[in-house]
Amino acid sequence: MSSSFDRYQKRKLISSYFSVVISIALVLFLLGCLGLLVLNAKKVADHFKEQVVVTIYLNDSAKEVEVKQLEKSLAMAAYTKSTEYVSKEAAAESMKAETGEDFMDFVGYNPLQNSIDVHLKADFVTTETLASITEELATKKFIEEIRYDNDLVELMNDNVKKITFWVLIISAIFTLIAVLLINSSIRLAVYSKRFIIKTMQMVGATKSFIRRPFVYKSVQLGVIGAIIALIGMGIVLYYLNETFAELQLLSNPVLIGGLFVVIFLLGIVITWISTFIATQRFLNLKTDALYY
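Okay, structure coming up:
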């Protein structure tokens with residue numbers, strides 16, 4: 021009979037530990053994924069900004085040496101990420117491939133112009149910077165026109181500001197939720213042993229002596245939960261990096277490693293603090309209050 025009861029208590033204890041570990045792992049995993057989002061938010065925003073193209077259309081009378089000098093000056097400019105010269109013939113072939121028809125059969129000549137496509141660095145993709153660049157280039161007489169999607173640039177910059185703000189707000193909320201959920205799981209685990217705590221106290225054990233094994237066990241569970249969360253984060257990060265290789269999510273391993281260390285330490289610190297507070301509460305309760 022006693023053996024059966026012991027087995028039941030052991031299963032109940034294991035189940036309690038399992039639920040605490042899973043709770044910690046899930047919460048830290050979600051917090052870690054949000055951390056990955058925060059770390060890479062600028063990188064993702066920069067990637068989309070750098071897709072904006074400034075197209076410089078050249079006069080047919082533009083000399084080759086002038087075009088070469090322009091390409092060289094653009095390549096050396098602080099705002100330039102890359103440039104590409106597109107001849108009118110290449111533009112015609114590209115349009116033919118897109119539409120499936122040769123428009124020159126109807127027009128009789130190639131009305132397109134030679135051009136240079138300029139991809140800017142993300143920090144320079146602003147309305148003010150683009151206007152300044154356009155004004156500077158417009159002074160060259162062999163440039164016919166400069167085009168870019170100004171509405172798209174304004175919309176993109178506005179959305180980046182809004183998304184950054186809300187990501188920070190959500191991060192703060194998730195951090196608070198993480199602390200509360202882990203704290204609740206730990207408190208429930210300690211609550212189930214409140215009579216043991218009070219019995220040890222009644223026979224003369226000090227508070228620190230009673231608290232020590234509870235804190236030690238909770239930190240162990242926190243470490244296990246953190247390891248599970250880190251494994252999940254690693255899988256998600258690897259999958260995202262393989263799927264969106266152009267974002268280069270693993271280009272800064274020090275930053276990623278720092279996030280993993282922070283998540284691991286959070287698993288230890290939150291469980292330690294939660295266990296300390298929970299055990300302290302029951303140590304300070306009167307015996308009659310344990311039944312409520």
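Each residue of the sequence shown is one higher than the last, beginning at 21 in my numbering. Each residue gets a CB set at the ideal place from its N, CA and C atoms; glycine is no exception.
**Q.** Contact the region 156-171 vs the region 74-87: 3+ CB pairs below 8 Å
**A.** yes
Q: Note down, in chain order, each residue of its chain lying with its Cβ closer than 8 Å to the Cβ of E70, except the 5 sequence neighbours on either side.
A: Here residue 70 refers to the residue found at position 50 when the sequence shown is read from its first residue. Counting only Cβ-Cβ distances below 8 Å, and skipping sequence neighbours, we find K101, H139, L140, K141, A142 and V145.
Q: State the beta-bridge partners of R167 as determined by DSSP.
A: Here residue 167 is taken as the residue at index 147 of the sequence shown, counted from 1. Beta-bridge pairing links R167 to T75.
**Q.** Between the CA atoms of T154 and V106 - distance to the nearest angstrom
**A.** Locating residue 106 in the sequence shown gives position 86, where the first residue counts as 1. Locating residue 154 in the sequence shown gives position 134, where the first residue counts as 1. Approximately 19 Å, taken between the alpha carbons.
Q) Based on the DSSP output, what are the partners of Y105 in its beta bridges? A) Residue mapping note: residue 105 aligns to position 85 of the sequence shown, counting from 1. In the DSSP output, where bridge partners are listed per residue, Y105 has I136.
Q. Taking contact to mean at least 3 C-beta pairs separated by less than 8 Å, is the region 49-67 in contact with the region 247-262?
A. yes
(Q) Rounded to the nearest angstrom, what separates Q29 and K213 at their Cα positions? (A) Taking the sequence shown and counting its residues from 1, the one referred to as residue 29 is at position 9. Taking the sequence shown and counting its residues from 1, the one referred to as residue 213 is at position 193. The pLDDT assigned to Q29 is 49, lower than 50, so where the model puts this residue is not dependable; a value taken from the coordinates is nonetheless given after this. Rounded to the nearest angstrom, the two C-alpha atoms are 12 Å apart.
Q) So, is Y236 buried or exposed, given that buried needs 16 or more other C-beta atoms within 10 angstroms? A) Position 216 of the sequence shown holds residue 236. Answer is exposed; the Cβ neighbour count stays below 16.
Q: Report yes or no: do the region 260-280 and the region 222-231 share at least 3 C-beta pairs separated by less than 8 Å?
A: no
Q. Can you name, in chain order, every residue of its own chain whose Cβ lies under 6 Å from the Cβ of M220, other than the five neighbours on each side?
A. The count along the sequence shown starts at 1 and reaches residue 220 at position 200. Excluding residues up to 5 positions away in sequence, I230 lie with their Cβ nearer than 6 Å to the Cβ of M220 in the same chain.
Q) Rounded to whole angstroms, how far is the Cβ of F215 from the Cβ of T299, which I believe are closer than 8 Å? A) By one-based count along the sequence shown, residue 215 stands at place 195. By one-based count along the sequence shown, residue 299 stands at place 279. At roughly 13 Å, the Cβ-Cβ gap does not stay under 8 Å, so F215 and T299 are not in contact.
Q.
Please classify G245 as buried or exposed, where buried requires at least 16 other C-beta atoms within 10 Å of its C-beta.
A. Position 225 of the sequence shown holds residue 245. With 16 or more other Cβ atoms within 10 Å, it is buried.
(Q) Going by DSSP, what residue range makes up the alpha helix (DSSP H) through A98? (A) Along the sequence shown, one-based indexing puts residue 98 at 78. For A98, there is no enclosing alpha helix (DSSP H), as DSSP marks it with neither H nor E.
Q) D80 by DSSP, collapsed to three states: which one? A) As a position in the sequence shown, residue 80 is number 60, starting the count at 1. D80: coil per DSSP, three-state reduction.
Q | Residue nearest to R301 in terms of C-alpha spacing, selected from K182, V210 and K92 | A | Counted from its first residue, the sequence shown places residue 301 at position 281. Nearest C-alpha to R301: V210.
Q) With A344 and I297 assumed to form a contact (beta carbons below 8 Å), what rounded beta-carbon distance in angstroms separates them? A) Nothing about residue 344 can be read from this structure; the chain reaches only from 21 to 312.
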